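K.L.:
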Amino acid sequence: MLLSTEQKNAVLLAMSRLLQDRKAAILTANRLDVQAAAEHPDRALFDRLHVDSAKIDGMSFALESVAAQPDPVGLILDQRTLSNGLRVVNRSVPFGTILIIYESRPDVTIEATSIAFKAGSRILLKGGREAQRTNQVLFETWQAALASQGLSGDWVSLLILDRQQTEEFLARPTERVDLIVPRGGAGLIALVKKHATCPVLVSGRGNNFLFVERNADWEMTRSLIRNGKLQKVSACNSLDKVLFDEALPCLAEKVVELCRELRTEGVSIWVDASLAKRLTGIPDSSMEPVWMPLDTSDRWDEEFLDYKLLMALVDDSSAAIRKINCHSGGHSATIVTDDHDVARSFMEAVDCAAVYHNASTRFTDGGQLGLGAELAISTEKLHHRGPIGLEQLVSNKYYVYGNGQVRR
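Under this note's numbering, the first residue of the sequence shown carries the number 6, and numbering increases by one thereafter.
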C-alpha cells in the first residue's frame, strides 16, 4: 500500500504536535532511563541517551522539516520508447520494510523513522534496553499520530528483544525485512552483519582525521580541532586523530600550546614517537604532562567517542593520505591549509564519505548538510555513501508498457 504525500505529511505534522503535548511524559521516562544508566562507564552512551526539552524541540523541528521536503516516491528517474514500441519508465519506489537497530539514542526513534516513513517504508525499531522507557513513550506517540490520520499502527513497530532473540530475528526474521540499518558502535555493526540475511546499510564507525598542512592558518587550525573534539564527543563525526605536517612553522611550540588548551578541557592526548621527539624540551607551565606517549598501535584504529585525541607527525600530505586511508573508518577527514592545490589533491585521494577543506568534521550530518533529518551516515559505497536523507532512501522499479510485443 502506497500512502499519498498528503497522508504522510499529515502524520509527520501530527507527530510534531504530539511530541510537544507529551513532552513531560517523555522527559519523565528519559529521566528514569538516565538514572538506570548512571553507573555505566561509557560516557558516549550516557550523552546520547539524555533527552531534554531542547532535544524534543529539535525532534519536532526535524519532523516538520521532513514534511516540508518533496516526496521521493514515484519520481520518474528515466523514461524512453524503444524501437519495438515498448515504453520503459524507471520510477522511484519505497524499499519496503526497514529494520533500524540502534543504541541509546531516543532521537533515532523520531528522526530516522520520519525519514523512512516519508520515503514510504514500513519501519521496525529495535532500540537498546538502556533507552527502553523513552523509546516506548515515543513509539506510543507514533501510534497516536498514525491513528489521528486513520492509518494502521503497523507502519511503525517497536521490537522488544534481548540479544539472543535479536540474533534469531536477524537470521530468521518472522516477517519480510528489505533493509537493516544498524546505528551504533563496532560491536553492534559486527553482530548485525554476522547474522543478517538481508542487505545491511552500515552506519559507520567514525575515527575521523584532521591534517594540519604546512601552509595552515594556526588560529583556524586551533578552532577546527577544538570544535571537532569538544563540541560533542559522543558523535560519530567528532575528531579522533590529528596529523601535523613536519614542516609546519614553529610546530613544537604550537602543538604544546594546543595540548595545554585541550588538557584543561579534560582531553587525554597521546602522541606518536616522532612527534614526541619534537616536543621534548619544550617548556610547559602545567604541573603535569599535557600529553602521553602512544601506548599501543591499536589506538590508530579506535573510534574514541570520548575526551581522547591522538596526535602524530607525518612527512607531507601524501603521508597523511596514506595514514588516513589505512586507519580511518571511512567517515570524515579534513585538511587545514591555504594551498588550494594541496587541498584538492587531498580531497580526491582520501577515501572517506565526507572530505573537508578548512572546516570541521562535525558537519557530516544530514541536517547540517541541508538534507533535513537523516536515517544514518553510511560508510558503505553501495547504494549510497554519507548522510542518507529522503532522496537516498528509495529503490527503483521499471514499469514497461507494451501492446503485445514478444522477444524474437
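Using N, Cα and C, we set each Cβ at its ideal position, and we do this for glycine too.
Please read these numbers as outputs of a predicted model, since none were measured by experiment.
Gln12 lies in the alpha helix (DSSP H); which residues open and close that run?
P.N.:
Residues Thr10 to Asp26.
K.L.:
Which residues in the same chain have their Cβ closer than 8 Å to the Cβ of Arg304, if we skip the five residues on either side of it in sequence?
P.N.:
For Arg304, where only same-chain residues beyond five positions count, the Cβ hits under 8 Å are Trp275 and Leu315.
K.L.:
Determine which residues share a DSSP beta bridge with Gln84 and list them.
P.N.:
Gln84 is bridged to Val94.
K.L.:
Just to confirm my understanding: we take Glu69, look at its own chain, exclude 5 residues before and 5 after, and list those with CB closer than 6 Å. What are they?
P.N.:
Here the set comprises Ser21.
K.L.:
Just how far apart, CA to CA, sit Leu248 and Arg188?
P.N.:
Distance between the alpha carbons of Leu248 and Arg188 is about 28 Å.
K.L.:
May I ask you to list the residues that DSSP assigns as paired with Thr102?
P.N.:
Arg127, per the DSSP bridge assignment.
K.L.:
Check Met292 in the structure and name its three-state DSSP category.
P.N.:
Below a pLDDT of 50, predicted positions are generally treated as unreliable, and Met292, at 49, falls in that range; the measurement from the model is reported next regardless. In the structure shown, Met292 sits in coil (DSSP, three-state: anything other than H, G, I, E or B).
K.L.:
By a C-beta neighbour count over all protein chains shown, 10 Å radius and 16 as the cutoff for buried, is Gln236 buried or exposed?
P.N.:
Looking at its Cβ environment, which holds fewer than 16 other Cβ atoms inside 10 Å, Gln236 is exposed.
K.L.:
Return the bridge partner residues of Ser65 from the DSSP annotation.
P.N.:
Answer by DSSP bridge pairing: none, since Ser65 is not bridged.
K.L.:
Buried or exposed, going by whether 16 or more other CB atoms sit within 10 Å of the CB of Asn213?
P.N.:
Buried.
K.L.:
Specify the secondary structure class of Ile274 as computed by DSSP and reduced to three states.
P.N.:
If DSSP states are grouped into helix, strand and coil, Ile274 belongs with the strands.
K.L.:
Cα-Cα, which of Val217, Gly334, Asp344 and Asp245 is closest to Val319?
P.N.:
Looking at the Cα atoms, Val217 is the closest of the given residues.
K.L.:
Quick one: residues in its chain with C-beta nearer than 6 Å to the C-beta of Ala281, no 5 flanking neighbours on either side, listed in chain order?
P.N.:
Excluding residues within five positions, the ones whose Cβ falls inside 6 Å are Pro298.
K.L.:
I'd like the list of long-range same chain contacts for Trp223, defined as Cβ closer than 7 Å, with 5 residues on each side in sequence excluded.
P.N.:
If we look at Trp223 and ignore the five residues flanking it on each side, its Cβ neighbours are Lys259.
K.L.:
Just to confirm before moving on: does the CB-CB distance between Leu378 and Ala67 stay below 8 Å?
P.N.:
In the sequence as presented, Leu is not what sits at residue 378; that position holds Ala. Going by C-beta atoms, Ala378 is nearer than 8 Å to Ala67.
K.L.:
Within 10 angstroms of the Cβ of Asn140, are there 16 or more other Cβ atoms? Answer buried if so, exposed if not.
P.N.:
Buried: at least 16 other Cβ atoms inside 10 Å.
K.L.:
Just the Cα atoms here: how many angstroms apart are Gly428 and Gly211?
P.N.:
For residue 428 there is no data in the structure shown, the boundaries of the chain being 6 and 413.
K.L.:
Taking buried to mean at least 16 other C-beta atoms within 10 Å of its own C-beta, is His336 buried or exposed?
P.N.:
Buried is the call here.
K.L.:
Near Gly90, which residues of its chain fall below 8 Å by C-beta distance, leaving aside the five closest residues on each side in sequence?
P.N.:
Only Gly407, Asn408 and Gln410 meet the Cβ criterion.
K.L.:
For Asn401, does the count of other Cβ atoms within 10 angstroms reach 16, so buried, or fall short, so exposed?
P.N.:
With fewer than 16 Cβ atoms within 10 Å of its Cβ, Asn401 is classed as exposed.
K.L.:
Can the beta-carbon of Asp4 be found less than 8 Å from the beta-carbon of Gly101?
P.N.:
Within the shown structure, residues of the chain are numbered from 6 to 413, placing residue 4 beyond reach of any answer.
K.L.:
Give the straight-line distance between the Cα atoms of Thr118 and Ile103, rounded to the nearest whole angstrom.
P.N.:
Taking the straight line from one Cα to the other gives about 9 Å.
K.L.:
What does the Cβ neighbour count give for Leu8, buried or exposed, with the cut at 16 atoms within 10 Å?
P.N.:
That one is buried.
K.L.:
Return the CA-CA distance between Asn363 and Thr226, expressed in angstroms with no decimal places.
P.N.:
The alpha-carbon atoms of Asn363 and Thr226 are separated by roughly 8 Å.
K.L.:
Name the one or two DSSP bridge partners that Asp250 has.
P.N.:
DSSP, once it has assigned bridges, lists Val319 as partnering Asp250.
K.L.:
Can you tell me whether Lys386 is helix, strand or coil according to DSSP?
P.N.:
In the structure shown, Lys386 sits in coil (DSSP, three-state: anything other than H, G, I, E or B).
K.L.:
Count Cβ pairs between the stretch 170 to 182 and the stretch 44 to 61 that sit closer than 8 Å; are there 3 or more?
P.N.:
Not touching, per the Cβ criterion.
K.L.:
When you compare the CB positions of Thr366 and Thr339, do they come within less than 8 Å of one another, or not?
P.N.:
Yes. Within cutoff.
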